[in-house]
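Okay, structure first, notes after.
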Amino acid sequence: MWPRIGGLRTLALGNPGEMRANLNTLVLAGVKTATAGLLTDEYATENEELEHVGERLALVDDHDALIGVVEVTGVEVVRFADVPWEFARAEGEGDRSIEEWREGHRRYWTGVGCPVDDDSQVVCIRFRLVSAGDGGIATGDLGT
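For the sequence shown, counting from 1, position 122 maps to 141 in the numbering used here; every step adds exactly one.
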């Protein structure tokens, strides 16, 4: 099960360290409005349900401290080979083509022990930033 903050599931992007810091900065700047996960390796293993439209997620840093809240605006499960360029571009990570996005994600997932092929099921999540920092919100008041 993923950690919770104030009843919200956490969104811990990438690997801890420089990668997570960079991805969080992109979210807080409004550049990154999407993220992808692997259905079998990230959701099934953790016994987590898919996110749903309207759900709020607690964006966390390397120490699981709340740095922002995002609201899910779309969720779709597609084959790795069918992830559209529009989605990949919304991830805001600077990829210049869908091929570059696929190569980078294939390398990342393989590096964390989850090799992918064209038929791997990818959870494509779109979101919008609701608040940055704690937004003056007590963690007990973060309900969905």
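The beta-carbon is built from N, C-alpha and C at its ideal position, and this holds for glycine as well.
To the nearest angstrom, how far is it from the Cα of A100 to the Cα of D136?
-> 8 Å
Expressed to the nearest angstrom, what Euclidean distance is found between the alpha-carbon atoms of E118 and E67?
-> 29 Å
Using 7 Å as the cut-off, classify the Cβ of V141 as near or not near the heavy atoms of the ligand FAD, replying yes or no.
-> Of the ligands one can find in the structure shown there are none, so the ligand FAD has no counterpart to examine.
Is DSSP giving T52 helix, strand or coil here?
-> coil
Given V142 as reference, the closest of K51, L69, P22, T44 once Cα atoms are compared | L69
Contact under 8 Å by Cβ, I86 with V94 = no
V79 by DSSP, collapsed to three states: which one?
-> strand
So what does DSSP say about V149, is it helix, strand or coil?
-> Here V149 sits in strand by DSSP.
From what residue to what residue does the beta strand (DSSP E) around L69 run?
-> L69 -> no beta strand (DSSP E), and no H or E assigned at all.
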